[in-house]
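Reviewing the structure listed below.
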Amino acid sequence: MNCYRFFEILIFEVERAWAYAMQLKYECNDDELSRKKFHKMNKLRRALEHALHLEQIAKTHPRVDSTTKLEVQAYCAYIGATLGVESKQWKSAEELYKKGIAIYEKLTDVVDSEEMVALYEAR
């Protein structure tokens with residue numbers, strides 16, 4: 014199994030947990046005592062756990078280039094910020110969003126493709 018396939022599996026795990034949490038957010042309608050709200054928070058924690066695992070692998074694997082490492086760090090910061098917003102930890106969410114924005118700004122300087130620059134600027 015190559016490195017990129019393993020990355021895809023972890024990204025799918027993060028995205029699956031995040032998407033299910035967003036569905037539960039839509040369904041729970043701000044009911045503080047709803048089990049769906051607790052389940053949503055657990056799914057977001059699981060998404061962050063998978064994202065952190067992805068970031069750890071990206072940092073240590075020798076075949077991962079610096080651009081991919083930066084992309085993974087920004088992605089992990091975004092997932093963490095989403096968890097911070099949902100758990101009403103505003104300060105940590107703000108810091109993580111700023112970290113993600115700073116990383117995407119670095120990426121716009123690194124990449125050569127105009128499409129990628131437009132994508133990073135949109136984030």
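Mind the numbering: the sequence shown is residues 14 to 136 in my numbering, read in order. Note that the Cβ used here is the ideal one computed from N, Cα and C, for glycine as well.
Beta carbon of residue i nearer than 8 Å to that of residue j
i          : j          : result
residue 99 : residue 57 : yes
residue 62 : residue 49 : no
Counted within 10 angstroms of its Cβ, other Cβ atoms place residue i as buried (16 or more) or exposed
i           : result
residue 117 : buried
residue 46  : exposed
residue 36  : exposed
residue 103 : exposed
residue 135 : exposed
residue 131 : exposed
Rounded Cβ spacing between residue i and residue j (contact assumed at less than 8 Å)
i          : j          : result
residue 89 : residue 68 : 5 Å
residue 66 : residue 96 : At roughly 15 Å, the Cβ-Cβ gap does not stay under 8 Å, so residue 66 and residue 96 are not in contact.
Of the listed residues the options, nearest to residue i (C-alpha basis)
i           : options         : result
residue 122 : 79, 93, 53, 29  : 79
residue 54  : 93, 132, 136    : 93
residue 75  : 51, 136, 17     : 17
residue 77  : 29, 112, 20     : 20
residue 52  : 42, 101, 33, 91 : 33
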